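With the numbering used here applied, the sequence shown covers 44 to 118.
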Amino acid sequence: MLQQKFWGTFRSRRHKLMEPIALTLGQKFEIEKFSREIDNSDDVPALRSIAKELLVAWKQQQAASAWIVRQSQGL
């Protein structure tokens, strides 16, 4: 099973610690569901395609997060 916790600590403009980011119970169930589907798949081309799509989504999320931080800092 994949790690179910994704914790991050962000600081506001005043560098005050904010609440850590945690997955919801629903997200944890989705991770488990899709992890099992991946584990049971023998379709290597499909798994490669999924991996590439996830890589793009991950990088888009990083870009969006960076943009939000820049906006909150007035940059």
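All residues carry an ideal CB built from backbone N, CA and C; glycine is no exception. Predicted, not measured: the structure shown is a model, and the values here were computed from it.
Compute the Euclidean distance between the alpha carbons of residue i and residue j, then round it to the nearest angstrom.
| i | j | result |
| --- | --- | --- |
| ARG113 | SER78 | 34 Å |
| LEU134 | GLU96 | Given that the chain is displayed from residue 44 to residue 118, the structure contains no residue 134 and the question cannot be resolved. |
| GLN105 | LYS76 | 24 Å |
| PHE72 | ASN83 | 17 Å |
For the alpha helix (DSSP H) holding residue i, just list the boundary residues, first then last.
| i | result |
| --- | --- |
| GLU75 | 68 to 82 |
What three-state label does DSSP hand residue i in the structure shown?
| i | result |
| --- | --- |
| PRO88 | helix |
| GLU96 | helix |
| GLN104 | helix |
| GLN114 | helix |
| ALA109 | helix |
Is any heavy atom of the ligand COA found at a distance shorter than 8 Å from the C-beta of residue i?
| i | result |
| --- | --- |
| VAL99 | Absence of the ligand COA is noted for the structure shown, with no ligands found whatsoever. |
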